[in-house]
Amino acid sequence: MIGVFDSGLGGLATLKDLMRELPGEDFCYYGDNAHAPYGTKPVEQIRALSFACTQFLLDKGCQVVVVACNTASSAAIDAMRAHFSVPFVAMEPAVRPAARLRKQGRILVLATQATLRQQLFQARIVECGIQQAVLPVPCPQWVELIEQGFLHTSQMEQAVQQALVPYRKERIDVIVLGCTHFAHIRPLIEREARSLWPQAQVIDGNEGTAHQLSRVLHRAHLRTGRTQGGAVQLYTSGDPAVYLPRMEALLHS
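Going from the sequence shown to this note's numbering is simple: count from 1 and add 1.
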């Protein structure tokens, strides 16, 4: 079984891509809704929460763990790989694909404060040689609204506009969704982006993560051999009566 965790509901967007890529595999998803959002927390607390999520999944029998949270991956992946013996697949903002897609304009990276300040993100920008092209935009309010179920509301629309409009005079080629939560409001983001920068492309890291998981499973000889029929289990650290219905709705939307 493949474990997948996130600070809350965001990783369900990743899980959908994983299930699409690997329809014969079994998944166990854990949303740490009781402690969301991670992006405003200190690194030490993010690491402790990530360790707890991983242990929860291992106790359920998972043999591979996908960290479907850019913040947790940035803050804790090295420590988790050193501590646990299972293979990990980590998320990070899709900076490399963005660098390839960029023309003469700039790259808008929408993420949490924690992801944007971590060394992994900064190092990736330097590696791609796009330090001057990247505009990092922290969007903590988005995560909170999504966790509360306000996906398709005027509040969410207003929050998206407030984050993007200040950059309207910039020439933006690529918009990176650097938090898995943001995939759930991608249509809102794309609609606002089209009005500001008609040629801009919106990308996330979910497809790349799915491909990487497939490679990790193959190398570790952990594929089930099935091409269909995979099962999924959903868990939350929050109130199950509140969050499990939201999880089911997002997973099947």
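For glycine and all other residues, C-beta sits at the position ideal for the given N, C-alpha and C.
| task | Using a threshold of 8 Å, state whether the C-beta atoms of F28 and I3 are closer than that. | result | Cβ distance < 8 Å, so F28 and I3 count as in contact.
| said: I believe Y30 touches L235 by the beta-carbon criterion, under 8 Å. Please report the beta-carbon distance rounded to the nearest angstrom. | reply: A Cβ-Cβ separation of about 5 Å places Y30 in contact with L235 under the 8 Å criterion.
| task | Taking all protein chains shown into account, decide if Q119 is buried (16 or more other Cβ within 10 angstroms of its Cβ) or exposed. | result | Looking at its Cβ environment, which holds 16 or more other Cβ atoms inside 10 Å, Q119 is buried.
| task | Please confirm whether D33 and F6 have their CB atoms less than 8 Å apart. | result | Against a cut-off of 8 Å, the Cβ pair of F6 and D33 comes out as a contact.
| If you follow the alpha helix (DSSP H) that G179 is part of, which residue opens it and which one closes it? | Here G179 belongs to no alpha helix (DSSP H), and DSSP marks it neither H nor E.
| said: Does the region 101–118 come into contact with the region 77–89, if we say contact requires no fewer than three beta-carbon pairs (one atom in each stretch) closer than 8 Å? | reply: Judged by Cβ distances under 8 Å, the region 101–118 makes no contact with the region 77–89, as fewer than three pairs qualify.
| query | Excluding five sequence neighbours on each side, which residues of the same chain lie with their C-beta closer than 7 Å to the C-beta of G106? | reply | Within the same chain, Cβ atoms closer than 7 Å to the Cβ of G106 are found at R172, I173 and D174, the five residues on either side in sequence being excluded.
| Per-residue burial, P43 [other beta carbons within 10 Å of its own, 16 or more giving buried] | Flag for P43 reads exposed.
| said: Per DSSP, what are the beta-bridge partners of G32 in this structure? | reply: For G32, which the question treats as bridged, DSSP gives the partners D7 and T237.
| What residue does the alpha helix (DSSP H) around R21 start on, and which one ends it? | From DSSP, the alpha helix (DSSP H) with R21 extends over G12 to E22.
| task | Could you say which of M248, P246, G40 and T55 lies nearest to P141 if we only look at CA atoms? | result | Cα-wise, what sits closest to P141 is G40.
| field | Residue burial classification, A250 (beta-carbon count within 10 angstroms, cutoff 16) | value | When all chains shown are included, A250 counts as exposed.
| message | As a quick exercise: from F122, S74, F85 and A95, pick the residue whose alpha carbon is nearest that of N207. | response | Per the Cα distances, A95.
| Which same chain residues, not among the five before or five after I131, have their C-beta less than 6 Å away from its C-beta? | Result list for I131: A100, in chain order.
| query | In chain order, which beta strand (DSSP E) runs of at least 3 residues are fully inside the region 55–85? | reply | Taking only runs of at least 3 residues, the beta strand (DSSP E) segments lying wholly in the region 55–85 are 65–68.
| request: Measure the C-alpha to C-alpha separation of R192 and M92 and round it to an integer number of angstroms. | output: The straight-line gap from Cα to Cα measures roughly 25 Å.
| query | Taking 7 Å as the cut-off, does the CB of L111 come closer than this to any heavy atom belonging to the ligand NAD? | reply | Summarising the ligand content, the structure contains no ligands, and the ligand NAD is consequently not present.
| field | Unbroken stretches of the beta strand (DSSP E), 3 residues or longer, contained in the region 125–189 | value | Under the rule that a run must span 3 or more residues, the beta strand (DSSP E) segments found entirely inside the region 125–189 read 135–139 and 173–178.
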